[in-house]
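**Student:** Numbering of the sequence shown is given in this note's numbering, commencing with residue 1291 and proceeding in unit increments.
C-beta atoms are modelled at their ideal positions from N, C-alpha and C, and glycine is treated no differently.
Quick caveat, the model's predicted, so the values are computed rather than measured.
One structure coming up, written as structure tokens, with questions to follow.
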Amino acid sequence: MKIHTKNTLMKTIYALLFLIGITTIFGGGKISEFIICKVDSDYCEKINELKNIYVYKTRTGERYHRSYHYSNRNYKLSLYSALHQGLTPCQVCRPINRKLPPKGYLWIIYISTRILLTVVPFTLLYFIYSSNKFSKYK
């Protein structure tokens, strides 16, 4: 009975660490942004301002527009998303023209947080799995 319980517990730990690792790969950016906002609130305010301004983009376009330009073939997105995708403002309708605020030293926090959040669960998973795997032969 003890072996069955130990195996079930180890499988649960493996699954949990794997799930945490996968979640941080796809959701680690939100956690990193949260940490950056705690460190530099001015940067966060500028980003939130860009996220609350909406522009429009055609499906295959490289520029963003005001709502009435290409009105039947466009879709709405935040100015932050448009700038993040590398879109430039249309020279005909001249929508709001802003730039992403520079991250400066904040990119170090962002990258290191993403790496730690992704690497730590998989490293723990590897060490627990390998130590448990070789403990059978002792």
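1. Less than 7 Å between the beta carbons of P1385 and Y1333, yes or no?
2. Could you check the C-alpha separation between K1428 and I1418 for me, to the nearest Å?
3. I'd like to check one pair, Y1344 with H1355: are the Cβ atoms closer than 7 Å?
4. So the beta strand (DSSP E) L1367 belongs to, where does it begin and stop?
5. Less than 7 Å separating the beta-carbons of G1311 and F1412?
**Tutor:** Working from what's here:
1. Cβ distance not < 7 Å, so P1385 and Y1333 don't count as in contact.
2. Low per-residue confidence applies at K1428: pLDDT is 49, beneath 50, and the placement is therefore not dependable enough to give any value.
3. Against a cut-off of 7 Å, the Cβ pair of Y1344 and H1355 comes out as no contact.
4. 1364-1368 is the extent of the beta strand (DSSP E) around L1367.
5. A contact, by the Cβ cut-off of 7 Å.
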